[in-house]
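Position one of the first sequence corresponds to residue 0 (numbering that gives the first Met the number 0), numbered consecutively onward. The structure under discussion appears below in the form of structure tokens.
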Amino acid sequence: MSEINIKIGENQKSFPAPLSVAEALKSVDRDLLKKSLAAKVNGAEVDLSYELQPTDEVLSVEPILTETRDGLEVIRHSAAHLLAAAVIDLFPETKLGVGPALMDDPRYGYYYDVIAPRQLTEADLPVIEKKMRDIAKRNLPYRREVIDKNELIKLFTDRNEPLKCELVNEKAGDTATAYYIEDTPFVDFCLGPHVPNTNKLKAFKLLALSGAYWKGDANNQQMQRIYGTAFATQEELDGWLKQREEAERRDHRRIGKELDLFSIQDEYGQGLILWHPKGGAIRMEMENLLKEELKKRGYSFVFTPHIAKRELWRISGHEENYADSMFAPTSIEDEEYRLKPMNCPFHIGIYKASPKSYRDLPQRYSEMGTVYRAELSGTIHGLMRCRGFTVDDAHLFVRPDQVREEVADCLDFAIKVFETYGFDKVKFELSVRGEAENKIYLGADADWENAENSLANALKERNISYERIEGEAAFYGPKIDIKIEDAIGRIWQLGTIQLDFNLPERFELEYTGEDGQKHRPVMVHRALFGSIERFFGVLVEQFAGAFPFWLAPVQITVLPITDRINDYAESVFKELKQAGFRVESNLKSDKIGAKIRDAQIHKIPFMIVLGDKELEENKIAVRERKVGDIGQMSLEEFKVMARKLRETRALASV
RNA sequence: GCCCGAGUAGCUCAGGGGUAGAGCGUUUCCUUGGUAAGGAAAAGGUCUCGAGUUCAAAUCUCGACUUGGGCUCCA
């Protein structure tokens with residue numbers, strides 16, 4: 000039995016041993032081998048150099064092609080090894096940690112964690128990258144070797160690689176696979192597969208340097224992480240870098256400054272947002288949309304304080320589970336108080352203020368509730384992560400039989416709102432209980448089952464496809480998370496619909512049922528944006544500052560061509576203001592080109608250009624920021640059009 | 001909080017042991033020009049703060065604060 004029978008696509012062939020995967024692929028099509036980086040033999044990933052073994056069965060050989068996702072992963076993984084090889088070459092004392100490919104992180108393609116003999120700085124990145132290129136050009140093969148576990152540990156011990164020893168000890172069976180890049184001092188403990196040789200790595204780049212904890216645990220030693228990315232071709236890498244620039248161009252912090260939307264100032268504290276008039280105008284519109292929908296859907300509006308007695312947070316469990324994220328207590332007349340990190344206990348207080356009957360449910364309390372969380376300084380990031388932020392919060396107190404319907408309405412609500420902003424790709428994730436290993440889940444099994452079913456049924460009822468994630472539920476109940484994809488393909492985690500078995504117990508919530516007995520209501524936490532600040536930041540990036548008419552902080556600007564027209568401009572300005580539009584006028588002595596340029600830069604949807612002609616004919620000339628001059632019309636006609644845009648919350652202006 | 005950068009005019013940034021620089025913006029004057037920059041002048045800065053080294057510090061050193069990229073955490 001020395002025959003090797005293989006099947007590649009439709010081709011079935013037999014060869015005498017020995018036969019490598021590369022030879023097998025070549026036998027079918029020479030180009031196929033060129034396009035392949037590795038292969039799958041009966042589904043298992045192997046290198047091209049892998050020797051096929053004679054068996055009775057037919058081996059299915061499937062190439063991993065350059066332009067596939069699997070191929071990209073091989074490239075990135077191999078690039079990570081190349082990075083490590085370069086670092087070791089430059090700094091022989093370096094100890095290696097781990098270096099995976101990143102396939103789902105839009106920012107990076109791979110990293111390697113190292114302990115270098117000295118702290119690396121960003122100035123080292125080009126040097127390391129150059130070394131990577133040098134090694135790549137030498138066209139060195141990646142060589143795989145299966146050796147005895149203890150032998151590999153000895154090898155890493157000799158090389159003074161304690162972290163690698165630790166990994167081999169934990170992960171290897173009796174034998175372990177080691178990878179070399181030939182003729183470099185690099186060895187890794189790794190399953191593979193890799194590209195056959197370094198020449199296959201043509202498009203890679205190092206991007207950033209950061210700290211990272213060994214095994215992701217803050218109690219462990221901090222290492223240095225070097226991030227990079229890699230693609231199959233230079234064109235793809237260039238495209239990706241361009242996309243990255245685009246994201247930078249849309250950065251809400253930059254646009255927020257340019258358009259005077261908000262600021263964060265040292266004197267007031269990091270992570271605390273000052274909303275300027277223009278940001279405030281947008282926020283008002285955001286809140287108005289929510290309020291309209293809340294009213295339609297039977298929510299009531301409640302208002303609660305920013306601070307409460309410490310005892311309240313003891314009852315709610317926040318003192319126990321959430322203290323790290325709360326601002327420290329403050330005292331008055333020997334009573335301790337704490338700023339609120341969440342709104343729920345207050346809404347519970349409203350529920351408890353009077354006894355409830357089954358007829359009173361559901362109770363739906365909503366509030367734009369500003370909360371304060373003591374986020375670590377390093378995590379604060381513009382509007383996306385702050386220490387004071389406003390939750391578009393609501394808590395529903397419902398009977399168990401009402402959960403499905405209430406949740407379904409929350410889903411409708413979410414879809415409606417996100418659609419209005421032009422987010423047509425909304426993703427839902429249902430997080431349910433997993434195998435309770437370390438996690439202790441509160442509540443009875445039957446309750447969990449009912450709750451998970453209610454959530455799943457609500458999703459199914461609305462024909463919403465969703466991803467079910469085991470083990471991601473909070474300890475107090477299952478949830479649906481809402482994520483959206485923005486204009487340049489980034490995913491943002493926003494709101495959540497969360498069932499809670501915990502707080503109703505802790506606060507002993509009740510209602511009197513039809514049977515005259517006391518029952519415990521189910522509590523639903525529900526937020527669509529999560530944080531108004533954060534969602535505002537997402538909107539800034541989504542529209543790159545060019546907000547649709549209904550949201551735009553300045554909707555119209557009036558631009559007279561000469562100062563003979565200023566009076567007419569004033570009257571047009573006043574009339575539009577009267578009609579409730581956010582309008583400005585520019586009476587400076589600039590030429591019209593400069594005024595238009597200024598308005599374009601500020602992304603104002605409509606410019607009204609007024610000259611002698613318009614004055615004579617009592618008309619206005621309208622320019623839309625995207626399409627340009629749209630011609631003359633009467634002010635009345637323009638108002639009708641603008642009103643329609645405002646009322647329908649249209650995304651495009653024409 | 002931890003690791004690596006950065007902090008100079010309202011903004012974007014250059015400079016760098018010995019009078020503080022540019023562009024944009026602002027104000028004023030000239031200009032009254034028809035769809036993305038007309039011209040001129042002026043105002044505007046304890047070079048983040050505090051210590052140290054030095055005859056001399058915005059510049060070098062240390063520390064603090066803020067900020068950017070990450071880690072961790074999360075909305």
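Just so you know, even glycine gets a beta-carbon here, dropped at the ideal spot from N, CA and C.
Cutoff 8 Å; reference residue i; Cβ partners in own chain excluding five residues on either side
i, result
"L81", "M131, I134, A135, I180, T197, L200, F203"
"E616", "Q631"
"S209", "Q223, R224, Y226"
Through-space distance from residue j to residue i, alpha-carbon basis
i, j, result
"L527", "D444", "28 Å"
"D28", "P17", "19 Å"
"P140", "E244", "35 Å"
"L271", "G255", "14 Å"
"V539", "A413", "19 Å"
"R533", "I314", "29 Å"
"V537", "T369", "19 Å"
"V639", "P552", "20 Å"
"D411", "N462", "11 Å"
"I263", "A246", "21 Å"
"E121", "A207", "7 Å"
"N452", "E292", "26 Å"
"W723", "I600", "Lying before the first or after the last residue shown, residue 723 is absent from the chain, which here runs from 0 to 653."
"T228", "D423", "29 Å"
"D408", "G348", "24 Å"
"G544", "A593", "20 Å"
"E659", "L508", "Past the boundaries of the shown model lies residue 659; the chain is included only from 0 to 653, so the question cannot be answered."
Cross-strand partners of residue i (DSSP beta bridge)
i, result
"L154", "DSSP output for L154 lists no bridge partner at all."
"E623", "F605, G627"
"L208", "I225"
"V40", "A43, V60"
"R384", "H380"
"T176", "V145"
"N656", "The structure shown does not extend to residue 656, since the chain is modelled only from 0 through 653, so no value can be given for it."
"A202", "F230"
"D112", "R224"
Beta-carbon contacts of residue i that lie in its chain and below 7 Å, excluding the five residues immediately before and after
i, result
"G433", "E469, G470"
"E160", "K94, L95"
"F326", "R337, L338, Y371, A373"
"A486", "Q541"
"T419", "L288, R648"
"K415", "E292"
"R363", "G297, Y298, S299, A393, L395"
Residue span of the alpha helix (DSSP H) that contains residue i, given as start and end
i, result
"P62", "Run containing P62: none in the alpha helix (DSSP H); it sits in the beta strand (DSSP E), 58 to 64."
"K339", "Run containing K339: none; DSSP gives neither H nor E here."
"E92", "No alpha helix (DSSP H) holds E92; DSSP gives it neither H nor E."
"K612", "611 to 616"
"V45", "Run containing V45: none in the alpha helix (DSSP H); it sits in the beta strand (DSSP E), 43 to 45."
"D147", "No alpha helix (DSSP H) contains D147, which is instead part of the beta strand (DSSP E) from 141 to 147."
"E646", "634 to 647"
"T419", "402 to 419"
"L236", "233 to 248"
"S26", "20 to 27"
"V537", "531 to 542"
"A135", "123 to 136"
"K351", "343 to 351"
N- and C-terminal bounds of the beta strand (DSSP E) containing residue i
i, result
"G227", "221 to 230"
"S365", "362 to 371"
"P559", "555 to 559"
"D392", "387 to 397"
"N10", "10 to 15"
"S570", "No beta strand (DSSP E) holds S570; the alpha helix (DSSP H) holding it covers 565 to 577."
"I7", "2 to 7"
Same chain, Cβ closer than 6 Å to residue i, five either side skipped, listed in chain order
i, result
"L124", "L205"
"I152", "C164, V167"
"R309", "P328, E335, R337"
"Q492", "K482"
"I114", "K94, M222"
"I557", "Looking at the sequence shown, residue 557 is not Ile but Val. Contacts found: A568, V571, F572, S584, I607."
"T389", "M367, T369, I531"
"E128", "L205"
"I490", "K482, E484"
Alpha helix (DSSP H) runs wholly inside the region 461 to 526, at least 4 long, in chain order: 501 to 505
Whole beta strand (DSSP E) elements within the region 291 to 326, 3-residue minimum: 306 to 308
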